[in-house]
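Worksheet for the structure shown next.
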Amino acid sequence: MRGERIVALNGRYGKSLLYLGTISVKEIFLVFFLLLTVMSGRCLSAAPESTLSVVPNEAIETAPVMIDDFTLFPVRGIRAYPAAERAGVIAGRIRKVASDHSIRDDAITAVEADTETKIVAHNYLIMKIVDADAALEGITRQQLGEVYVRKIQTAVLAYRNARTSENIIRGILYAAGATIALVIMIILVSRLFRRLIASLELSSKEKIRSLGIESLNIFGAEEIWIVINDALKTVRFIIVFVLVYVYLEGVLSFFPWTRHFAIRFLDYVMDPLKVIGFGILKQIPDLMFIFVLVIIVRLGLKFLHIFFKEIEIGTRKLAGFYQEWAKPTDRLITFLVVVFAAVVAFPYIPGSNTAAFKGISLFIGVLFSLGSQSTVANTIAGFVVHYRRAFKIGDRIKVMDIIGDVTAITMQVTQLQTIKNEEVIVPNSAILNSHIINYTSLARKKGLILHTEVTIGYDAPWRQVHEMLLMAANRTNGLMKEPPPFVLQKSLDDFYVKYELNAYTDAPQKMAAIYSELHRNIQDAFNQYGVQIMSPHYLGDPATAKIVPKDSWFKSPAQQQGQDEIKSEKSL
Numbered sequence: 005m006r007g008e009r010i011v012a013l014n015g016r017y018g019k020s021l022l023y024l025g026t027i028s029v030k031e032i033f034l035v036f037f038l039l040l041t042v043m044s045g046r047c048l049s050a051a052p053e054s055t056l057s058v059v060p061n062e063a064i065e066t067a068p069v070m071i072d073d074f075t076l077f078p079v080r081g082i083r084a085y086p087a088a089e090r091a092g093v094i095a096g097r098i099r100k101v102a103s104d105h106s107i108r109d110d111a112i113t114a115v116e117a118d119t120e121t122k123i124v125a126h127n128y129l130i131m132k133i134v135d136a137d138a139a140l141e142g143i144t145r146q147q148l149g150e151v152y153v154r155k156i157q158t159a160v161l162a163y164r165n166a167r168t169s170e171n172i173i174r175g176i177l178y179a180a181g182a183t184i185a186l187v188i189m190i191i192l193v194s195r196l197f198r199r200l201i202a203s204l205e206l207s208s209k210e211k212i213r214s215l216g217i218e219s220l221n222i223f224g225a226e227e228i229w230i231v232i233n234d235a236l237k238t239v240r241f242i243i244v245f246v247l248v249y250v251y252l253e254g255v256l257s258f259f260p261w262t263r264h265f266a267i268r269f270l271d272y273v274m275d276p277l278k279v280i281g282f283g284i285l286k287q288i289p290d291l292m293f294i295f296v297l298v299i300i301v302r303l304g305l306k307f308l309h310i311f312f313k314e315i316e317i318g319t320r321k322l323a324g325f326y327q328e329w330a331k332p333t334d335r336l337i338t339f340l341v342v343v344f345a346a347v348v349a350f351p352y353i354p355g356s357n358t359a360a361f362k363g364i365s366l367f368i369g370v371l372f373s374l375g376s377q378s379t380v381a382n383t384i385a386g387f388v389v390h391y392r393r394a395f396k397i398g399d400r401i402k403v404m405d406i407i408g409d410v411t412a413i414t415m416q417v418t419q420l421q422t423i424k425n426e427e428v429i430v431p432n433s434a435i436l437n438s439h440i441i442n443y444t445s446l447a448r449k450k451g452l453i454l455h456t457e458v459t460i461g462y463d464a465p466w467r468q469v470h471e472m473l474l475m476a477a478n479r480t481n482g483l484m485k486e487p488p489p490f491v492l493q494k495s496l497d498d499f500y501v502k503y504e505l506n507a508y509t510d511a512p513q514k515m516a517a518i519y520s521e522l523h524r525n526i527q528d529a530f531n532q533y534g535v536q537i538m539s540p541h542y543l544g545d546p547a548t549a550k551i552v553p554k555d556s557w558f559k560s561p562a563q564q565q566g567q568d569e570i571k572s573e574k575s576l
């Protein structure tokens, strides 16, 4: 019965059913299990393939193969062999082939293998192409090999042609011509702007008027002309910069070794400018705040300087405020205003909140604190010197062992000019910590007392000595008649009496000359009346008095001078 049913079945499934009738149920289940396993494995393996198929080409790492900064084609890489490294190796091999002129360009061919295509020059391997490379371009491996062969051949020909002696000489000539043209154009531009500035200065400088409000001069004519002059110089600089840029870009493009710099030269210039420009655009609100703050501070300081200048010259007076205080007060308030403005502007300075800016600020602060101790001390002492009014410019003073006229008082130092015409710079801190003798301050009203000492023996009447000293004082130019000079007897020593002559003068700057003339007149007076000066030591009475007779006063070479003095003495 079973055999009849199987035989009765005809059609295309007859043989299959006949075969099924000959196998057991166990074999059927085994085949079914194997089919199920295979199908499940195909499903599992199909998922990653579908996933890879949707990965875009942009996600695959590629790098360009470049010869003389010209891109030939991109290549892909793997983790163990990155694309950039592979592109560099291929470019190096192409340059090596191009440098070997024994290899013809048509010797570069594609050789097919089972799983790869090799591009070779004779037997020298340039690169290998696999199916993954072809998949990146969407063509077959053989087609990609043909494309790469043509591009490499073209690159080799271009590489060799760029390095021929004719092209190199032509590039040198072009570079020399461009250099000469650049020099000529820079000279012409410089002369043109020099003449333009000179002509504008002659024709327009007198027409420029100061910008001010009523009597307040905010911007002077000279300052406005400086701005115009700087603007013209800036335009000249921009023109010269453009000429130099065009020159460099052209010269670099003449030679194959520097052509890649020429191609990217604009990027080298523009990239920093873009960064700076975008940075400035972002900081425009903060910069506008700083700009407005600077204008306000500048105008305020202008009014401040004018106010204290009027006090200094005496056109404006404040009760209890001396004219000498005007300049240091102006400097002090200016410093405080600038510091306050800097504190206000600090948060708005571009980059002030960065770690680098803070680090630099800290570094500068440490340097300033370590290296400016004497500077700060002298500055503070300078303010104290001004406000103490111990001396002023033109006074003759003595500081430590230095005697001189004050020529300048700054915040750091005081300058003195000695009687030997020496300029001495004294730190203000040294002045603050030492005694100061001012010979001029009281001499203007009461006179300065100049004094000198002589020692005379006890055998000379003191009244005679007094009169001779007063006579010498009256003969001395530069000593005042009123108040009259006077003599003090300082001490009664063992062998002589010490007399001190005191006389007033209102010319302390002539102290040295007055002392010299006074001493000469004292010698003449004592010699005239035969009184012996016992200085420096007295040991005993000599056989003859130590005086100069009158007929010996004017021995040669003092003969002529002596005759004049005798005549003047007789006239007295």
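Note that the working numbering numbers the sequence shown so that position 113 is 117, with each residue one more than the last.
The beta-carbon is built from N, C-alpha and C at its ideal position, and this holds for glycine as well.
Note that this is a predicted model, so its numbers are computed, not measured.
Buried or exposed for residue i, please, with buried defined as at least 16 other CB atoms from any protein chain shown within 10 angstroms of its CB.
{"i": "Asp118", "result": "exposed"}
{"i": "Ile518", "result": "buried"}
{"i": "Asn425", "result": "exposed"}
{"i": "Pro351", "result": "exposed"}
{"i": "Pro276", "result": "exposed"}
{"i": "Pro488", "result": "exposed"}
{"i": "Met274", "result": "exposed"}
{"i": "Met641", "result": "With the chain running from 5 to 576 in the structure shown, residue 641 is simply not present."}
{"i": "Asp399", "result": "buried"}
{"i": "Val292", "result": "Reading the sequence as shown, one finds Met at residue 292 and not Val. Burial call: exposed."}
{"i": "Ile217", "result": "Its pLDDT being 46, under 50, Ile217 is placed unreliably by the model, and the measurement read from it follows with that caveat. Exposed: under 16 other Cβ atoms inside 10 Å."}
Does DSSP put residue i in a helix, a strand or coil?
{"i": "Asp135", "result": "helix"}
{"i": "Gln157", "result": "helix"}
{"i": "Lys286", "result": "helix"}
{"i": "Gly181", "result": "helix"}
{"i": "Pro60", "result": "Below a pLDDT of 50, predicted positions are generally treated as unreliable, and Pro60, at 46, falls in that range; the measurement from the model is reported next regardless. Note: Pro60 maps to coil in three-state DSSP."}
{"i": "Ile112", "result": "strand"}
{"i": "Val501", "result": "strand"}
{"i": "Asn481", "result": "coil"}
{"i": "Pro487", "result": "coil"}
{"i": "Phe395", "result": "coil"}
{"i": "Pro78", "result": "strand"}
Taking the beta strand (DSSP E) that residue i falls in, what are its first and last residues?
{"i": "Gly461", "result": "452-461"}
{"i": "Gln493", "result": "490-496"}
{"i": "Ile441", "result": "440-442"}
{"i": "Phe265", "result": "Counting along the chain, Phe265 falls outside any beta strand (DSSP E), though it belongs to the alpha helix (DSSP H) covering 263-267."}
{"i": "Thr121", "result": "120-125"}
How long is the line joining the alpha carbons of residue i and residue j, rounded to whole angstroms?
{"i": "Pro78", "j": "Val296", "result": "54 Å"}
{"i": "Ile299", "j": "Phe258", "result": "51 Å"}
{"i": "Ile188", "j": "Leu252", "result": "15 Å"}
{"i": "Ile368", "j": "Ser378", "result": "17 Å"}
{"i": "Leu204", "j": "Leu192", "result": "18 Å"}
{"i": "Lys321", "j": "Thr333", "result": "14 Å"}
{"i": "Ala464", "j": "Val535", "result": "7 Å"}
{"i": "Gly81", "j": "Asp271", "result": "28 Å"}
{"i": "Ile184", "j": "Tyr178", "result": "10 Å"}
{"i": "Phe344", "j": "Glu457", "result": "59 Å"}
{"i": "Leu303", "j": "Leu340", "result": "15 Å"}
{"i": "Gln146", "j": "Leu256", "result": "39 Å"}
{"i": "Asn437", "j": "Gln532", "result": "48 Å"}
{"i": "Met131", "j": "Asp137", "result": "12 Å"}
{"i": "Met248", "j": "Arg268", "result": "Residue 248 is actually Val in this sequence, not Met. About 16 Å."}
{"i": "Glu170", "j": "Pro260", "result": "13 Å"}
{"i": "Lys237", "j": "Trp229", "result": "12 Å"}
{"i": "Thr480", "j": "Ile453", "result": "14 Å"}
{"i": "His264", "j": "Arg97", "result": "19 Å"}
{"i": "Arg392", "j": "Leu336", "result": "15 Å"}
{"i": "Gln416", "j": "Ala385", "result": "8 Å"}
{"i": "Pro86", "j": "Val134", "result": "15 Å"}
For the alpha helix (DSSP H) that residue i lies in, which residues bound it at each end?
{"i": "Thr338", "result": "330-349"}
{"i": "Val430", "result": "Premise fails: Val430 lies in the beta strand (DSSP E), 427-431, not in any alpha helix (DSSP H)."}
{"i": "Leu420", "result": "Taken as a continuous stretch (DSSP letters only), Leu420 belongs to no alpha helix (DSSP H), being part of the beta strand (DSSP E) at 417-422."}
{"i": "Gly96", "result": "87-103"}
{"i": "Met70", "result": "Looking at the DSSP string, Met70 is not in any alpha helix (DSSP H); the run it does join, the beta strand (DSSP E), is 66-71."}
{"i": "Leu522", "result": "515-532"}
{"i": "Arg400", "result": "No alpha helix (DSSP H) contains Arg400, which is instead part of the beta strand (DSSP E) from 400-403."}
For the ligand ADP, is there a heavy atom less than 6 Å away from the beta-carbon of residue i?
{"i": "Val535", "result": "Of ligands this structure carries none, so the ligand ADP is not represented either."}
**Request:** Indicate whether the contact test is met: 3 or more Cβ pairs, each with one atom in the segment 243-257 and one in the segment 307-315, closer than 8 Å.
**Result:** no
**Request:** For the segment 523-541 and the segment 472-480, state whether three or more C-beta atom pairs, one from each stretch, are separated by less than 8 Å.
**Result:** yes
**Item:** Cβ contact check for the segment 343-360 and the segment 399-415: 3 or more pairs under 8 Å
**Value:** no
**Request:** Tell me, please, whether the segment 463-473 touches the segment 430-440 by the rule of three or more beta-carbon pairs shorter than 8 Å.
**Result:** no
**Asked** Does the segment 436-449 come within contact of the segment 498-505, defined as at least 3 CB pairs closer than 8 Å?
**Response** no
**Request:** Report yes or no: do the segment 66-78 and the segment 145-162 share at least 3 C-beta pairs separated by less than 8 Å?
**Result:** yes
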